[in-house]
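Colleague: Numbering (the working numbering), first residue to last: 130 to 187.
Beta carbons are placed, not taken as given, at the ideal position from N, Cα and C, and that holds for glycine.
1. I'd like to know whether the C-beta atoms of residue 184 and residue 158 end up nearer to each other than 8 Å.
2. Measure the CB-CB distance between residue 173 and residue 167 and report whether it falls below 8 Å.
3. Determine the direct distance from the alpha carbon of residue 131 to that of residue 139, and round the result to whole angstroms.
4. Whole angstroms are fine: how far does the CA of residue 137 sit from the CA of residue 179?
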């Protein structure tokens, strides 16, 4: 790789590692804010049976 392509790759990596996304690979119901490392976990609850869904994977 040339220095120019390495610099472009670094800029792309920095831009991708910002904002809200499903960065947590254990559940798509968790939204993570990078680079602040803030995570919000969402869940679904079925009131009839009382069960809940806390993690989902694709």
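Modeller: Once the coordinates are examined:
1. Contact check for residue 184 against residue 158 passes: the beta carbons are separated by less than 8 Å.
2. Pairing residue 173 with residue 167 gives a Cβ-Cβ distance that is not under 8 Å.
3. 12 Å
4. 51 Å
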